[in-house]
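*Asks:*
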Amino acid sequence: MRILLVNDDGIYAKGIRVLAKHLRNLGEVVVVAPDRQKSAAGHSLTINDVLLIKEVEIEEGFKGITVVDGTPTDCVLVGVKDLMKDDPPDFVVSGINHGANLGGDILYSGTVAGALEGLANGFKAMAISLDVHSDDGYFETAAVVATKILQTPELFEGIVEERSILNVNVPNVPINELNGFRITRQGKTQYENYLEKYVNPQKKTFYWIGGDRPPHELEEDTDSFAVANKYVSITPIKIDLTNYALIGKLKKILPKLTI
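Throughout the sequence shown, residue numbering follows this note's numbering, covering 129 to 387 in sequence.
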């Protein structure tokens with residue numbers, strides 16, 4: 129098995145290092161990650177600057193590639209278009225993210241975008257996130273979960289043809305406290321963003337963007353419900369954003385539009 133491993137927390141993050149160690153038991157792993165924190169980078173692509181890369185030691189005897197100021201999307205492209213061009217990956221894996229990617233999180237998530245970019249280039253892909261924002265979480269749990277999913281090829285059958293990825297979210301608990309796996313839908317949780325305005329001593333205005341998460345939607349078939357109840361959430365996400373349910377309605381209204 130050949131795996132391209134990327135993330136958005138950067139190559140020095142604990143999540144990607146723990147995952148790389150586990151995935152190496154499955155085969156060859158090529159790590160390409162930003163050299164700094166790129167959370168909430170979304171599906172951004174660097175098109176107005178060059179991309180510099182350098183080797184970084186992940187663990188003794190094993191090195192990864194870091195993209196200077198690169199995004200997760202950049203990292204996938206460096207991996208599939210160059211480093212693994214002659215011997216492509218079987219999977220593109222993005223994570224382990226420090227923090228869950230539930231509901232509306234996926235609109236901003238660089239982790240999810242990394243997997244989607246893998247899909248856009250024709251590869252089976254998975255994003256995996258742990259429900260903790262510190263280095264003190266149970267990253268080993270998430271790494272074991274990722275390994276088990278990759279060892280279940282039936283989960284990925286037809287996934288590229290369906291233009292989909294698997295978005296996996298793992299509760300922050302020891303592996304023996306997990307209640308199992310659930311196939312879920314994306315919930316409706318979304319940040320309530322705010323903008324704080326300041327003026328520095330030089331009288332220049334600057335802003336700080338933040339966000340408060342409202343309560344999770346806890347309907348039983350959602351990703352957030354699963355994680356809250358110590359289940360691993362597996363949500364298939366499509367790259368096609370078309371709202372097919374509205375097409376018929378809009379077509380009926382279309383005659384009212386004139387040039």
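Glycine is no exception: its CB is placed at the ideal position from the N, C-alpha and C atoms.
Taking the beta carbon of V360 as the centre, do at least 16 other beta carbons fall within 10 Å, making it buried, or is it exposed?
*Replies:* Counting from one through the sequence shown, the residue named residue 360 turns up at place 232. With 16 or more other Cβ atoms within 10 Å, it is buried.
*Asks:* What's the gap between the Cα of K384 and the Cα of G376?
*Replies:* As a first step, residue 384 must be located in the sequence shown, where it is residue number 256. As a first step, residue 376 must be located in the sequence shown, where it is residue number 248. So the two alpha carbons sit approximately 15 Å from each other.
*Asks:* If we ignore side chains and look at the alpha-carbon of each, how far apart do R313 and A161 end up?
*Replies:* Here residue 313 corresponds to residue number 185 of the sequence shown, with the count starting at 1. Here residue 161 corresponds to residue number 33 of the sequence shown, with the count starting at 1. If you take the alpha carbons of R313 and A161, they lie about 28 Å apart.
*Asks:* Contact defined as beta carbons within less than 8 Å: I believe D259 pairs with V355. What is the distance between those atoms, to the nearest angstrom?
*Replies:* Working through the sequence shown from its first residue, we reach residue 259 at position 131. Working through the sequence shown from its first residue, we reach residue 355 at position 227. The Cβ separation is near 5 Å, so the contact holds.
*Asks:* At what residue ranges does the segment 236 to 301 contain a whole run of the beta strand (DSSP E), taking only runs of 3 or more?
*Replies:* You should have 252 to 258 and 292 to 298.
*Asks:* Which two residues bound the contiguous alpha helix (DSSP H) that contains S352?
*Replies:* Counting from 1 along the sequence shown, the entry for residue 352 is found at position 224. S352 -> alpha helix (DSSP H) spans D351 to A356.
*Asks:* Between N229 and N300, is the Cβ-Cβ spacing less than 9 Å?
*Replies:* Along the sequence shown, read from residue 1 onward, the residue named residue 229 stands at position 101. Along the sequence shown, read from residue 1 onward, the residue named residue 300 stands at position 172. Contact: no.
*Asks:* What does DSSP give as the partner residues of P162 in its beta bridges?
*Replies:* As a first step, residue 162 must be located in the sequence shown, where it is residue number 34. DSSP lists V195 as partners of P162.
*Asks:* Grouping DSSP H, G and I as helix and E and B as strand, with all else coil, what is K366?
*Replies:* As a working note, residue 366 is residue 238 in the sequence shown. K366: strand per DSSP, three-state reduction.
*Asks:* What span of residues does the alpha helix (DSSP H) with L323 cover, start to end?
*Replies:* Counting from 1 along the sequence shown, the entry for residue 323 is found at position 195. Careful: L323 lies outside any alpha helix (DSSP H), inside the beta strand (DSSP E) at E320 to V327.
*Asks:* Please look up how many angstroms separate the CB atoms of I224 and S262, rounded, as I've assumed it's under 8 Å.
*Replies:* For the purposes of this step, residue 224 is identified with residue 96 of the sequence shown, where counting begins at 1. For the purposes of this step, residue 262 is identified with residue 134 of the sequence shown, where counting begins at 1. In fact, because the Cβ distance is near 13 Å, the residues do not count as touching under 8 Å.
*Asks:* Can you tell me whether G338 is buried or exposed, with buried defined as 16 or more other CB within 10 angstroms of its CB?
*Replies:* Within the sequence shown, the letter at position 210 stands for residue 338. Looking at its Cβ environment, which holds fewer than 16 other Cβ atoms inside 10 Å, G338 is exposed.
*Asks:* Any idea if V327 is buried or exposed, counting beta-carbon neighbours within 10 angstroms, 16 or more meaning buried?
*Replies:* Stepping through the sequence shown from its first residue, residue 327 is reached at position 199. V327 should be labelled exposed.
*Asks:* With DSSP run on the structure shown, which of helix, strand or coil describes H150?
*Replies:* As a working note, residue 150 is residue 22 in the sequence shown. H150: helix per DSSP, three-state reduction.
*Asks:* Give the straight-line distance between the Cα atoms of L247 and K380, rounded to the nearest whole angstrom.
*Replies:* Residue numbering aside, residue 247 sits at position 119 when the sequence shown is read from its first letter. Residue numbering aside, residue 380 sits at position 252 when the sequence shown is read from its first letter. Distance between the alpha carbons of L247 and K380 is about 34 Å.
*Asks:* Which word fits G242, buried or exposed, when buried means at least 16 other C-beta atoms lie within 10 angstroms of its C-beta?
*Replies:* Residue 242 sits at position 114 when you count from the first residue of the sequence shown. G242 comes out buried.
*Asks:* For a quick check, are the C-beta atoms of A168 and Y266 less than 9 Å apart?
*Replies:* The sequence position of residue 168 within the sequence shown is 40, counting from 1. The sequence position of residue 266 within the sequence shown is 138, counting from 1. Contact: no.
*Asks:* Ignore the nearest five residues each way along the sequence and tell me which others in A373's own chain have a CB closer than 6 Å to its CB.
*Replies:* As a first step, residue 373 must be located in the sequence shown, where it is residue number 245. Result list for A373: empty, nothing under 6 Å.
*Asks:* Can you give the Cα-Cα distance for V146 and P281, rounded to whole angstroms?
*Replies:* Position 18 of the sequence shown holds residue 146. Position 153 of the sequence shown holds residue 281. Approximately 22 Å, taken between the alpha carbons.
*Asks:* On the three-state DSSP scale, how would you describe I181?
*Replies:* Residue mapping note: residue 181 aligns to position 53 of the sequence shown, counting from 1. Looking at I181 - three-state DSSP - the assignment turns out to be strand.
*Asks:* For I311, which three-state DSSP category applies?
*Replies:* As a position in the sequence shown, residue 311 is number 183, starting the count at 1. Looking at I311 - three-state DSSP - the assignment turns out to be strand.
*Asks:* Taking 8 Å as the cut-off, does the segment 194 to 210 touch the segment 282 to 297 (at least 3 CB pairs, one atom from each stretch)?
*Replies:* No: fewer than three Cβ pairs fall under 8 Å.
*Asks:* Does the distance from the CB of K316 to the CB of G231 come in under 9 Å?
*Replies:* As a working mapping, residue 316 is identified with position 188 in the sequence shown. As a working mapping, residue 231 is identified with position 103 in the sequence shown. Yes. Within cutoff.
*Asks:* Tell me which residue opens and which closes the beta strand (DSSP E) that L133 is part of.
*Replies:* To locate residue 133, count along the sequence shown from 1; it is residue 5. Taken as a continuous stretch (DSSP letters only), the beta strand (DSSP E) holding L133 covers R130 to V134.
*Asks:* E156 bridges to which residues according to DSSP?
*Replies:* Indexing the sequence shown from 1 puts residue 156 at position 28. In DSSP, E156 forms a bridge with R130.
*Asks:* Answer with buried or exposed for P217, where buried requires no fewer than 16 other C-beta atoms within 10 angstroms of its C-beta.
*Replies:* Sequence index remark: in the sequence shown, residue 217 carries index 89 (1-based). The residue in question, P217, is buried, as its Cβ has 16 or more Cβ neighbours within 10 Å.
*Asks:* So the beta strand (DSSP E) V220 belongs to, where does it begin and stop?
*Replies:* If you number the sequence shown from 1, residue 220 lands on position 92. Segment F219 to H226, the beta strand (DSSP E) holding V220.
*Asks:* Give the DSSP-derived three-state secondary structure of T174 in the structure shown.
*Replies:* For the purposes of this step, residue 174 is taken as the residue at position 46 of the sequence shown. Coil, per DSSP.
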